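These notes concern the structure reproduced below.
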Amino acid sequence: MPLRPSEKLKTAIGGSLVAVWLLWFFVLSKPSPPFDETPHRALGHVLAEEALKLATPDSKIIVIVRDTKTFRSPAIDTQMRVFRKVLAGKGKSITDTQLITADALRVPTVPPGDFLQILGASGDNDVVVSFTGPPALTEAQLAKLGRKRPKVIAVCTGAVARQVDLDQVFSRGLLHQAILDRPDAGKPVNVPPDERSIFEHFFRLASPGSRGSTSPGKGAG
2 MPLRPSEKLK TAIGGSLVAV WLLWFFVLSK PSPPFDETPH RALGHVLAEE ALKLATPDSK
62 IIVIVRDTKT FRSPAIDTQM RVFRKVLAGK GKSITDTQLI TADALRVPTV PPGDFLQILG
122 ASGDNDVVVS FTGPPALTEA QLAKLGRKRP KVIAVCTGAV ARQVDLDQVF SRGLLHQAIL
182 DRPDAGKPVN VPPDERSIFE HFFRLASPGS RGSTSPGKGA G
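Just add 1 to wherever you are in the sequence shown, counting from 1, and you've got my numbering.
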């Protein structure tokens, strides 16, 4: 006996619901790739080493980092954990931490006004470590800062280096070192297991005197 139109509709809806449920089950049950801490451990380690090189015995170390309580970031949490550990191994610690609230899908940057306040409150011998990009100040903000120039190291990976004119930031004396990506770096093969070698596989340091180029993926290592 042929099905009535209403029964056909119910059968079609039921089949669609089953298909949707099976698809949803497949998506949820499919394991996500494991988080690889390797590059982030190396970044945190080298960032701490470079901060210590710039610091004097009485230097404050001020950190600017994204708040990961609202939007989780295993990468930043790993970088910070290793950063603190390396500092502690040399008898230093973070003096102050400035948390930046940012959507995980947005490029993490420090609002220029916030960066101006942090630089203005810091001494010339203090070290400001930004995990969220460089101080991209306006001309008016630069004039307000005056001649004060704390030592600044900034992580400028990903889209950050494409959004900010790093050459200009360097020329203004606002940035001492930047960490840039090596975008073509694959998994480290035949790379020595020390953190500095792993870092140099994934990233590179750029500075006013030796940066070569601040364009992502260019410049000498």
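Ideal placement from N, C-alpha and C gives every residue a C-beta, glycine not left out.
In this text, all values refer to a predicted model and were calculated from it rather than measured experimentally.
inquiry  = With a threshold of 8 Å, are at least 3 pairs of Cβ atoms found where one atom belongs to the segment 46-58 and the other to the segment 188-202?
reply    = Yes: the two stretches touch, three or more of their Cβ pairs being nearer than 8 Å.
request  = Grab me the residues of residue 38's own chain with a C-beta within less than 6 Å of its C-beta, minus the 5 sequence neighbours each way, in chain order.
outcome  = The residue labelled residue 38 in the question sits at position 37 within the sequence shown. Correct list, in chain order: 79.
inquiry  = Less than 8 Å between the beta carbons of residue 146 and residue 124, yes or no?
reply    = Numbered from 1 along the sequence shown, position 145 holds the residue referred to as residue 146. Numbered from 1 along the sequence shown, position 123 holds the residue referred to as residue 124. No, these two residues do not count as a Cβ contact at 8 Å.
task = Just tell me which of 109, 83, 130, 191 has its CA closest to the CA of residue 60.
result = Along the sequence shown, read from residue 1 onward, the residue named residue 60 stands at position 59. Comparing Cα positions, the closest option is 130.
task = Using three-state DSSP, classify residue 153 as helix, strand or coil.
result = Start at 1 with the first residue of the sequence shown, and residue 153 comes out as number 152. Looking at residue 153 - three-state DSSP - the assignment turns out to be strand.
query = With DSSP run on the structure shown, which of helix, strand or coil describes residue 77?
reply = For the purposes of this step, residue 77 is identified with residue 76 of the sequence shown, where counting begins at 1. DSSP places residue 77 in helix when its eight states are reduced to three.
ask   = What number of angstroms, rounded off, separates the C-alpha of residue 115 from the C-alpha of residue 139?
value = As a position in the sequence shown, residue 115 is number 114, starting the count at 1. As a position in the sequence shown, residue 139 is number 138, starting the count at 1. In a straight line, the C-alpha of residue 115 is about 12 Å away from that of residue 139.
task = On the DSSP bridge assignment, give the partners of residue 139 in chain order.
result = Counting from 1 along the sequence shown, the entry for residue 139 is found at position 138. DSSP links residue 139 through a beta bridge to no other residue.
task = Would you mind reading off the limits of the alpha helix (DSSP H) that contains residue 203?
result = In the sequence shown, the residue the question calls residue 203 occupies position 202. Unbroken alpha helix (DSSP H) run through residue 203: 196-203.
task = Kindly provide the ranges of any beta strand (DSSP E) runs that are 3 or more residues long and lie completely inside the segment 36-105, ordered along the chain.
result = Listed in chain order, they are 62-67, 97-101.
ask   = Would you report the Cα separation of residue 85 and residue 169, rounded to the nearest angstrom?
value = By 1-based counting over the sequence shown, the position of residue 85 is 84. By 1-based counting over the sequence shown, the position of residue 169 is 168. Rounded to the nearest angstrom, the two C-alpha atoms are 30 Å apart.
Beta-carbon contacts of residue 26 that lie in its chain and below 7 Å, excluding the five residues immediately before and after = As a position in the sequence shown, residue 26 is number 25, starting the count at 1. Because residue 26 carries a pLDDT of 48, less than 50, the predicted location of this residue cannot be relied on, and no value is offered for it.
ask   = Which term fits residue 203, buried or exposed, when burial requires 16 or more other beta carbons within 10 angstroms of its beta carbon?
value = As a working note, residue 203 is residue 202 in the sequence shown. By the neighbour-count rule (16 or more Cβ atoms within 10 Å), residue 203 is buried.
query = Near residue 119, which residues of its chain fall below 7 Å by C-beta distance, leaving aside the five closest residues on each side in sequence?
reply = Stepping through the sequence shown from its first residue, residue 119 is reached at position 118. Around residue 119: 63, 65, 99, 129.
key: Contact check, residue 157 vs residue 181, beta carbons under 8 Å   = Here residue 157 refers to the residue found at position 156 of the sequence shown. Here residue 181 refers to the residue found at position 180 of the sequence shown. One thing to note: residue 157 has its Cβ within 8 Å of the Cβ of residue 181.
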